[in-house]
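Visitor: Pasting a structure below so you can have a look.
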Amino acid sequence: MIKSIQLSNFQSHKESKLELSDKVNIIVGSTDSGKTAILRSLNWLINNRPLGDSYRSNWGGETKVSIKLIDDLIERGKDKENFYNVNEEHLTAFDKEVPTEIKSILRFTEINLQKQLDAPFLLSETPGEVQRILNRISHLDKIDSCMGKIESTKREVNADLKSILDNIKNNENELKKYSDLNRIKMEIKILNNKEVNYCLQKESIPKLKNYIEKIKKNDVSLSRLKKLSTIDVSKLSSNIENWIEGNKNYIYLMQTIKQIKSMNEIVDRLKKYGKFDQQVVVIFNKIISLEKNQGSINVLNNKIESLKDRQEDKIELQNQLNEIEKEFHDTFPSECPLCGHTIVKVIK
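So for the sequence shown, our numbering puts the first residue at 5; every next one is plus one.
Right under this line is the structure:
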């Protein structure tokens, strides 16, 4: 509620102050005495209208209008600057608008002020307009506005809800197409495992090829050993013993041949002298017999040499077989890289 109004250099008012009652106040005066100027000054303070300098007194000086409320003092002034003062707080740079601080204190609207030539308040208005104004005064218009917004929001929410429910239904229908998704995931997992196993097996192919080559070489060696295994070892041992015995005989025969050669030389010398006796004839016969046995001795020597070579080959092949078996057992894995089964190693 306004307690007092004070005007300085505003139109015809050089310095005027009005103390107002808390009831009805009536301003009485002759024409052009400044009654309407008081209303204009209130409009200037409350709404920052009119703009310009037409309301300022022609004698100059600072133009100022102030109103005293129950708890606040508000001043509107213009001289070198345009300003408001609110409880001694100075406000500037507000252009054509009223500062928010002033609006929040006054809370005036257009129905709080009436111009001089306006029709009597509410008496000349239609019932609908009167209701609208009364609703604004009692803030029922805000309730109507809120209800309208609520209904509008409600319609929007219902439309959104219907759209969401339709989307849920459509999504449920779409999800039915993927009812076997878990089965597909399991199949994909199985395929991934198979792919991993395939890659591992593919990496092991060069090793397997190497193993196959070694096995082939082992087969060749085994075939050679099989051929050697057909040799009668007992017979071979007997032949070796015979060879040893024959070798002794050979040494003895060589010595005898040497003696015979020596005797031949003697015989040749005796022939020169024509002296032969019975002993010489016997010796000569022995020489002929030994020469006949020389061929058998040579054959026997050849067989002995052949048996010695075969014995050495067998020993060498047996050593190779032992090395190959050891390498095979050391390098071949305990689990098959293709099927994953355990490999049983047979040692002969």
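Where a beta carbon is used, it is the ideal one built from N, C-alpha and C, also for glycine.
Using CA coordinates, which residue listed in 120, 117, 5, 36 is at the minimum distance from residue 71?
Guide: The shortest C-alpha separation from residue 71 is found at 5.
Visitor: In whole angstroms, give me the CA-to-CA distance for residue 57 and residue 39.
Guide: 19 Å
Visitor: Within 8 Å, do at least three Cβ pairs link the stretch 30-37 to the stretch 71-82?
Guide: no
Visitor: Check whether the stretch 50-65 and the stretch 118-130 touch, using three or more Cβ-Cβ pairs below 8 Å as the test.
Guide: no
Visitor: Measure the alpha-carbon distance for residue 42 versus residue 16 and round it to whole angstroms.
Guide: 10 Å
Visitor: For residue 101 and residue 156, I'd like the C-alpha separation in whole angstroms.
Guide: About 32 Å.
Visitor: Run through DSSP, which three-state label would residue 53 get?
Guide: Residue 53: coil per DSSP, three-state reduction.
Visitor: Quick check on the DSSP output: what are the complete alpha helix (DSSP H) runs of length 4 or more inside the stretch 30-111, in order along the chain?
Guide: Runs found: 39-51, 104-110.
Visitor: Can you check whether the CB of residue 12 is closer than 7 Å to the CB of residue 19?
Guide: In contact: residue 19 and residue 12 (Cβ atoms closer than 7 Å).
Visitor: Tell me the DSSP secondary structure of residue 8 in three-state form.
Guide: Residue 8 falls in the strand class under three-state DSSP.
Visitor: Measuring alpha carbon to alpha carbon, tell me which of 23, 264, 325, 161 ends up nearest residue 222.
Guide: Nearest C-alpha to residue 222: 325.
Visitor: How long is the line joining the alpha carbons of residue 69 and residue 148, rounded to whole angstroms?
Guide: 37 Å
Visitor: Select from 264, 176, 194, 75 the residue whose C-alpha is nearest the C-alpha of residue 92.
Guide: Answer by Cα proximity: 75.
Visitor: Which one of 173, 316, 115 has the shortest CA to CA distance from residue 2?
Guide: Outside the displayed span of the chain (5 to 352) sits residue 2, for which this structure offers no information.
Visitor: Please identify the residue among 112, 199, 50, 321 whose C-alpha is closest to the C-alpha of residue 87.
Guide: 50
Visitor: Here's the rule I'm using: 16 or more other beta-carbon atoms within 10 Å means buried, otherwise exposed. How should residue 182 be labelled?
Guide: By the neighbour-count criterion, in which 16 or more other beta carbons inside 10 Å mark a residue as buried, residue 182 falls on the exposed side.
Visitor: Confirm, please, whether the CB-CB distance from residue 85 to residue 96 is below 7 Å.
Guide: Cβ atoms of residue 96 and residue 85: closer than 7 Å.
Visitor: Can you grab the Cα-Cα spacing for the pair residue 2 / residue 186, in whole Å?
Guide: Not covered by the structure: residue 2. The range shown for the chain is 5 to 352.
Visitor: On the DSSP letters alone, give me the boundaries of the beta strand (DSSP E) that residue 21 sits inside.
Guide: 17-23
Visitor: Output needed for residue 89: all residues of its chain with C-beta closer than 6 Å, excluding positions within five of it in sequence on either side, in chain order.
Guide: 79
Visitor: From residue 302 to residue 266, what does the alpha carbon distance come to, in whole angstroms?
Guide: 22 Å
Visitor: In whole angstroms, what is the alpha-carbon distance linking residue 225 and residue 321?
Guide: 7 Å
Visitor: Here's a check: name, in chain order, each residue in its chain whose Cβ is nearer than 7 Å to the Cβ of residue 112, leaving out the five neighbours to either side.
Guide: So the qualifying residues of the chain are 50.
Visitor: In the DSSP output, which residue or residues are listed as bridge partners for residue 14?
Guide: Per DSSP, 17, 60.
Visitor: Which of the three DSSP states, helix, strand or coil, is assigned to residue 260?
Guide: In this structure, residue 260 counts as helix in the three-state DSSP scheme.
Visitor: Just checking my contact of residue 127 with residue 47 at CB under 8 Å: how many whole Å lie between their CB atoms?
Guide: In fact, because the Cβ distance is near 22 Å, the residues do not count as touching under 8 Å.
Visitor: Determine the DSSP secondary structure at residue 27, reduced to helix, strand or coil.
Guide: coil
Visitor: Restricting to Cα atoms, I'd like to know which of 167, 328, 99 is closest to residue 217.
Guide: 328
Visitor: Can you tell me whether DSSP reads residue 142 as helix, strand or coil?
Guide: coil
Visitor: Count the other C-beta atoms from every protein chain shown that fall within 10 angstroms of the C-beta of residue 314, then say buried if there are 16 or more, exposed otherwise.
Guide: exposed
Visitor: From the DSSP output, in three-state form, read off residue 191 for me.
Guide: helix
Visitor: Taking its Cβ as the centre, do 16 or more other Cβ atoms sit within 10 Å of residue 14, making it buried, or is it exposed?
Guide: Classification for residue 14: buried.
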